[in-house]
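Following: one structure in structure tokens, then a few remarks.
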Amino acid sequence: MHPNVEYRTSTNVVDIRQTENDVTVFDEHGNSWTADILVGCDGVKSVVRQSLIGDAPRVTGHVVYRAVIDCDDMPEDLRINAPVLWAGPHCHLVHYPLRGGKQYNLVVTFHSRQQEEWGVKDGSKEEVLSYFAGIHPRPRQMLDKPTSWRRWSTADREPVEKWGTDRITLVGDAAHPVAQYMAQGACMALEDAVTLGKALQQCDGDAADAFALYESVRIPRTARIVWSTREMGRVYHAAGVERQVRNLLWKDKSQAEFYRGMEWLYGWKEDNCLLPR
Numbered sequence: 005m006h007p008n009v010e011y012r013t014s015t016n017v018v019d020i021r022q023t024e025n026d027v028t029v030f031d032e033h034g035n036s037w038t039a040d041i042l043v044g045c046d047g048v049k050s051v052v053r054q055s056l057i058g059d060a061p062r063v064t065g066h067v068v069y070r071a072v073i074d075c076d077d078m079p080e081d082l083r084i085n086a087p088v089l090w091a092g093p094h095c096h097l098v099h100y101p102l103r104g105g106k107q108y109n110l111v112v113t114f115h116s117r118q119q120e121e122w123g124v125k126d127g128s129k130e131e132v133l134s135y136f137a138g139i140h141p142r143p144r145q146m147l148d149k150p151t152s153w154r155r156w157s158t159a160d161r162e163p164v165e166k167w168g169t170d171r172i173t174l175v176g177d178a179a180h181p182v183a184q185y186m187a188q189g190a191c192m193a194l195e196d197a198v199t200l201g202k203a204l205q206q207c208d209g210d211a212a213d214a215f216a217l218y219e220s221v222r223i224p225r226t227a228r229i230v231w232s233t234r235e236m237g238r239v240y241h242a243a244g245v246e247r248q249v250r251n252l253l254w255k256d257k258s259q260a261e262f263y264r265g266m267e268w269l270y271g272w273k274e275d276n277c278l279l280p281r
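Take the sequence shown: its position 98, counting from 1, is numbered 102 in my numbering, and each next residue is one higher.
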């Protein structure tokens, strides 16, 4: 840990106040800390964002279950050394190897039939099986294997034009929570951190200018990812005629064409991260 960094664990921030000269955070016990700037990286239920914008997370109604099984428990014909995705109406299933193929990660997603609240808890095999009862027998055989599941009810937020002020900004899920369909949540947070550091460096530590530069390049990109992720969920879970159209459009596309279509996403680079894209 850097000598100038102090970690305060188990600290519940409940209030934030800023003046022309500084910003102060208060915890539930009345303790306070004052600094020149504040960067809120406190997740989907961000207290920092609530103090700035006041909007609520958008619960998607899509539920993700995750489990890890040993290689010996994976059906032999599915021990594939690559990510594999099975898509169907209102649900999909992904599996891929871990630890050099010694284990497999199973991730299933479905549209919940009940009112959801964002959060994580232990899952139920019975719930998983109830949503995937009618799927193809090859992926279906995997779902009996896990002895325990973890359950995520997912959420995102509507993109906004501004995240912060001259002294406060946001990074990660506090700024742009996103569902899992493009696997970009952690990636965006890392991009945020690099871009913010570069902006502060380029602006010689002038926080107001740096935050403005940072938000000017990050907000459009992260908004595009949030909206593209929603559309990807729709594509994965298409049903009826929409599914037929998806299959027709994708049938003859080469892998290279898919890669070119995603260049805007995977082509991000540190050396030009402050340029509009």
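Don't be surprised by glycine CBs; every beta carbon is placed ideally from N, CA and C. As the structure is a prediction and not an experimental result, all values here were calculated from the model.
Length at least 3, wholly inside the segment 87-113: the beta strand (DSSP E) runs in chain order: 88-92, 95-102
Identity of the residues DSSP links to Phe-262 by a beta bridge: None, per the DSSP bridge assignment.
Residue closest to Ala-183, alpha-carbon to alpha-carbon, out of Asp-275, Ala-39, Ala-91, Trp-122: Nearest option by C-alpha distance: Trp-122.
DSSP-derived helix/strand/coil call for Trp-272: coil
Three-state class that DSSP yields for Gly-44 in the structure shown: strand
Collapsed DSSP secondary structure at Ala-242 in the structure displayed: coil
As assigned by DSSP and simplified to three states, the class of Lys-125: strand
For Thr-199 and Gly-97, believed in contact at Cβ under 8 Å, the rounded distance: Note on identity: in this sequence residue 97 is Leu, with Gly being the wrong assignment. With a Cβ gap of about 34 Å, Leu-97 and Thr-199 do not count as contacting.
Nearest-angstrom Cα separation, counted from Val-124 out to Lys-255: 36 Å
CA-to-CA distance, His-241 to Arg-234, given in whole angstroms: 11 Å
Cross-strand partners of Ala-39 (DSSP beta bridge): Val-27
Status (buried if at least 16 other CB within 10 Å, exposed otherwise) for Lys-202: By the neighbour-count rule (16 or more Cβ atoms within 10 Å), Lys-202 is buried.
Where Arg-225 falls, given that 16 or more other Cβ within 10 Å makes a residue buried: buried
Cβ shell of Thr-38 (< 6 Å), same chain only, five flanking positions each side left out: Asp-26, Thr-28
Three-state secondary structure (DSSP) of Gly-189: helix
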